[in-house]
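Q: Sequence lines, in order, name chains A and B.
The first sequence maps to residues 1 to 341 in our numbering.
The second sequence maps to residues 1001 to 1341 in our numbering.
Protein chains: 2
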Amino acid sequence: MNADKPTPTLHDVADLAGVSTATVSRCLNFPDRVKQATRDKVMAAVDALGYAPNFGARAMASQRTNTIGAIIPTMENAVFARGLQAFEDELRQHGFTLLVASSSYRADVEEAQIRSLIARGADALLLIGHDRDPAIYQFLEGQRKPALVTWAYDPDNPRPSVGFDNRAAMRAMAEKVLALHHRKLALISAPMASNDRARARMMGIRDAMAAYGLTPEALAVIETPYGIENGADAFARLMQADDRPTAVFCGNDVLGVGALRQARAMGLDVPGDVSVVGFDDIELSQVTYPPLTTVHVPHGAMGRKAARALVAMVLHGQPAETTALPTEIVMRGSLAAIDPA
Amino acid sequence: MNADKPTPTLHDVADLAGVSTATVSRCLNFPDRVKQATRDKVMAAVDALGYAPNFGARAMASQRTNTIGAIIPTMENAVFARGLQAFEDELRQHGFTLLVASSSYRADVEEAQIRSLIARGADALLLIGHDRDPAIYQFLEGQRKPALVTWAYDPDNPRPSVGFDNRAAMRAMAEKVLALHHRKLALISAPMASNDRARARMMGIRDAMAAYGLTPEALAVIETPYGIENGADAFARLMQADDRPTAVFCGNDVLGVGALRQARAMGLDVPGDVSVVGFDDIELSQVTYPPLTTVHVPHGAMGRKAARALVAMVLHGQPAETTALPTEIVMRGSLAAIDPA
DNA sequence: GCATCTGATGTAAGCCTTTACATTTCTGCA
DNA sequence: TGCAGAAATGTAAAGGCTTACATCAGATGC
């Protein structure tokens, strides 16, 4: 199983083909600069040896890797997964490779992953959200590695981002809910510490409440980690309170789906007894019963746009412009008007 | 934005700290081999410069990367995502890093990704399923890189795998369905070319049919790519046929959920008019209406076990043993007995 | 106070590839 | 046939890190 023969190098290929390493290198990188006959010999040697170029050595010699790294909070979230898939597709079309890491929503892990991706030669990084120790940005600057934030939009933040306005999107949803006469509102949110998206979404609801003359602090809030089970538990707690909400906002669809499941378990009719709304519009939310009313996020477009921006940054040193993509509310079955009786 | 100052190297740190590069290297790799005072100086320099070791150079010099690569068909599938998360957790505990790539279920892309991960220095690879051009295995052998197959279990295959018996699992499910008096069966499967898991699952159903004295060929089969929409379409086609099945097997839960959605859209009662069963047991299947009866796959355990096996292969050259983890049938609401009227 | 040993640090080679530059081979034309 | 110029190929340095080995400074024991 272990190395009885060392893995072949450029040198081995060159020897076997009877040419110099430079020629082999050219064969691999600029095939049209070598004669057909030579190329055939070399390629035969490459196949015979099962040669694969050593990425590290190549990166070191050529000073570029054509690799872009991305760090997402979790791979289990379908939203990130889809955005990333689009991101990778676009990247590949520009001849770049994607390196992915996940941080489990932990700041310390994220920092380690950032360093690891940079050390691995990533030419640039894609990050989710703005919230991050300033030291990390300094580190990236020191390394001259551009970074692009996505999933968030904050025109006041000096770091560029390609995302969407979480606050405005959630505000729009909240206004819709308020327009349907709901007045007792609750929110099941992802933990808000070091999560600017979650905070922005809550602020959006409060904005709408204020606009409707309600006290923003009246919003009941439960923070809980990502997961169907957690959403269900939080929902149960909310509905056991004396003063039940009539509409429950969920910071993301996964929590929303958990809430829906719990409602059924408790024998509560959605939207008859209580309305539930989500955020993200992942596939899940179309197949629940009732289907979940939610905020649609343009994952694909966002991923592709981020990829193009990052490629431009790397290739031409072109600074990225902060852009917001539009979100929209998808009305399905889980939100209804309150009978103003 | 672009490099006005080059990124700092070991040498720069050494100069700033007034020591040699060897000392800096030792500080980073074997902190206890340098004096406290020296270490402090060096670390201060590291921080001041924002130094990060160059992975390629390090790999080249030390001849190992402590990195394991994994190639999954798609990131969008929650099943792979969960297994991978467990895999990564376990890997990290052993001091290894995970490199992920996805192949979009395409053999050519998978091959490119395999080469890319090896070139990037992966010490070993995790692959999904056995089906693969033999040349790829030869290549891996030539590179002396161990590979472990997961998600599948085939004791006859010489390549080691840590997975589960797709065929037996699906057969058990089919026997359950047959015991409930269903006789007209259909299968919505992922494309079976170059997908041994999909084929094995179909064989499992046929095995059970044969055991019940039915003609295995009577199984109606539709192949369609991964996706809720595709599952829905396939289900619609199945139910428009003259001879409707009474039970529809789905090769995975995502297709199953699509079938469920379509059933509702067509006004068909599940399981009253038709039963639907899935495979994988992803979170999705608990929240549909009715909840999906499915085959539970031990993602987490599988990921962790695979990680341990791979680490042992890399560290001690210990060959992996092919092992199968148990699956189980999760009865939910989408499967019911047929009224033998 | 000296030889010896230990622990801390420095020196320099080597890992594999790319690429600027040097050299050789070929082509075409006078 | 011979030569200029182009095309093909070779030579060798550079890139950042680890590590075997060499060196040096103190500590130890007598």
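We put the CB at the ideal spot given by N, CA and C, even for glycine.
Let me see if you follow: with CB-CB separation under 8 Å, is residue 352 of chain A close to chain B or not?
A: Past the edges of chain A, shown from 1 to 341, lies residue 352 of chain A, and the structure says nothing about it.
Q: Going by DSSP, name the residue or residues bridged to residue 358 of chain A.
A: Outside the modelled stretch of chain A, which goes from 1 to 341, sits residue 358 of chain A, for which no answer is possible.
Q: Where do the N-terminal and C-terminal ends of the beta strand (DSSP E) with residue 1094 of chain B fall, by residue?
A: First-last for residue 1094 of chain B: undefined, no H or E at that position.
Q: If you draw a straight line from the alpha carbon of residue 42 of chain A to that of residue 1026 of chain B, how long is it in whole angstroms?
A: Taking the straight line joining both Cα atoms gives about 40 Å.
Q: Give me the Cα-Cα distance between residue 1038 of chain B and residue 61 of chain A, rounded to the nearest whole angstrom.
A: Their Cα atoms are separated by approximately 32 Å.
Q: Given a threshold of 16 other Cβ atoms within 10 Å of its Cβ, counted over all protein chains shown, does residue 1210 of chain B qualify as buried or as exposed?
A: So residue 1210 of chain B ends up on the exposed side.
Q: What's the C-alpha gap between residue 151 of chain A and residue 1141 of chain B?
A: Cα to Cα, the separation comes out at about 42 Å.
Q: Near residue 1021 of chain B, what residues of its chain come up, given a Cβ to Cβ distance below 7 Å and the 5 sequence neighbours on each side ignored?
A: Excluding positions up to five away in sequence, the list reads 1010, 1011, 1014.
Q: What first and last residue would you give for the beta strand (DSSP E) that runs through residue 147 of chain A?
A: Taken as a continuous stretch (DSSP letters only), the beta strand (DSSP E) holding residue 147 of chain A covers 147-150.
Q: Considering just the uninterrupted stretch of the beta strand (DSSP E) at residue 1321 of chain B, what are its terminal residues?
A: Premise fails: residue 1321 of chain B is in no beta strand (DSSP E) and is neither H nor E.
Q: Nearest to residue 318 of chain A by CA position, among A:205, A:335, A:193, A:148, is which residue?
A: Minimum Cα distance to residue 318 of chain A is reached at A:148.
Q: Is DSSP giving residue 76 of chain A helix, strand or coil here?
A: In this structure, residue 76 of chain A counts as coil in the three-state DSSP scheme.
Q: Residue 1003 of chain B CB to nearest chain A CB: under 8 Å?
A: With a pLDDT of 37 at residue 1003 of chain B, under the threshold of 50, the predicted position of this residue should be treated as unreliable, though the coordinate-derived value follows. Chain A contact via Cβ: present.
Q: So residue 230 of chain A and residue 256 of chain A are supposed to be a Cβ contact under 8 Å. How far apart are they, rounded?
A: Contact doesn't hold; Cβ gap of about 12 Å is too wide.
Q: Take every Cβ of the segment 1095-1104 of chain B, pair it with every Cβ of the segment 1158-1170 of chain B, and state whether three or more of those distances are shorter than 8 Å.
A: Too few Cβ pairs lie closer than 8 Å, so no.
Q: May I ask you to report which of helix, strand or coil DSSP gives residue 1169 of chain B?
A: Looking at residue 1169 of chain B - three-state DSSP - the assignment turns out to be helix.
Q: Per DSSP, what kind of secondary structure is residue 1025 of chain B in: helix, strand or coil?
A: DSSP places residue 1025 of chain B in helix when its eight states are reduced to three.
Q: Which residue wins for smallest C-alpha separation from residue 262 of chain A, given the options A:47, A:280, A:172, A:289?
A: Of the listed residues, the one whose Cα sits closest to residue 262 of chain A is A:289.
Q: In the DSSP output, which residue or residues are listed as bridge partners for residue 1126 of chain B?
A: Paired residues: B:1070, B:1148.
Q: To the nearest angstrom, report how far apart residue 247 of chain A and residue 92 of chain A are at their CA atoms.
A: Straight-line Cα distance between these residues: approximately 43 Å.
Q: Which residues mark the beginning and the end of the beta strand (DSSP E) in which residue 187 of chain A is found?
A: Note, residue 187 of chain A: beta strand (DSSP E), 185-189.
Q: Should residue 1142 of chain B be flagged as near chain A, meaning a C-beta pair shorter than 8 Å?
A: Yes, residue 1142 of chain B lies at the interface with chain A (some Cβ there is under 8 Å from its Cβ).
Q: In three-state terms, what does DSSP make of residue 1004 of chain B?
A: Unreliable placement is indicated for residue 1004 of chain B, whose pLDDT of 46 sits below 50; no coordinate value is reported for it.
Q: Helix, strand or coil for residue 248 of chain A, going by three-state DSSP, please let me know.
A: Residue 248 of chain A: strand per DSSP, three-state reduction.
Q: For residue 1313 of chain B versus residue 1083 of chain B, is the C-beta spacing smaller than 8 Å?
A: Not closer than 8 Å, so no.
Q: Would you list the one or two residues that DSSP bridges to residue 37 of chain A?
A: Answer is none; residue 37 of chain A lacks a bridge partner.
Q: With residue 52 of chain A and residue 1115 of chain B assumed to form a contact (beta carbons below 8 Å), what rounded beta-carbon distance in angstroms separates them?
A: About 6 Å; that satisfies the 8 Å criterion.
Q: Could you tell me whether any Cβ in chain A is nearer than 8 Å to the Cβ of residue 1097 of chain B?
A: So yes, residue 1097 of chain B belongs to the interface.
Q: Going by other Cβ atoms of all chains shown within 10 Å of its Cβ, with 16 needed for buried, is residue 29 of chain A buried or exposed?
A: With fewer than 16 other Cβ atoms within 10 Å, it is exposed.
Q: Alpha carbon to alpha carbon, how far is residue 1265 of chain B from residue 242 of chain A?
A: Rounded to whole angstroms, residue 1265 of chain B to residue 242 of chain A spans 38 Å at the Cα level.
Q: In the DSSP assignment, what are the bridge partners of residue 1017 of chain B?
A: None, per the DSSP bridge assignment.
Q: If you run the structure through DSSP and keep just helix, strand and coil, what is residue 1274 of chain B?
A: Coil at residue 1274 of chain B, not helix or strand.
Q: What first and last residue would you give for the beta strand (DSSP E) that runs through residue 1360 of chain B?
A: Limits of chain B in this structure are 1001 at one end and 1341 at the other, which puts residue 1360 of chain B out of reach.
Q: Between residue 235 of chain A and the rest of its own chain, which residues show a CB-CB distance below 7 Å, the 5 nearest in sequence each way excluded?
A: The answer, listed in chain order, is 188, 248, 258, 259, 262, 263.
Q: Thinking C-alpha only, which one of B:1192, B:1008, B:1107 is nearest residue 1221 of chain B?
A: Selected option, being the one with the closest Cα: B:1192.
Q: For residue 31 of chain A, would you say it is in contact with chain B, using Cβ-to-Cβ distances shorter than 8 Å as the test?
A: Chain B contact via Cβ: absent.
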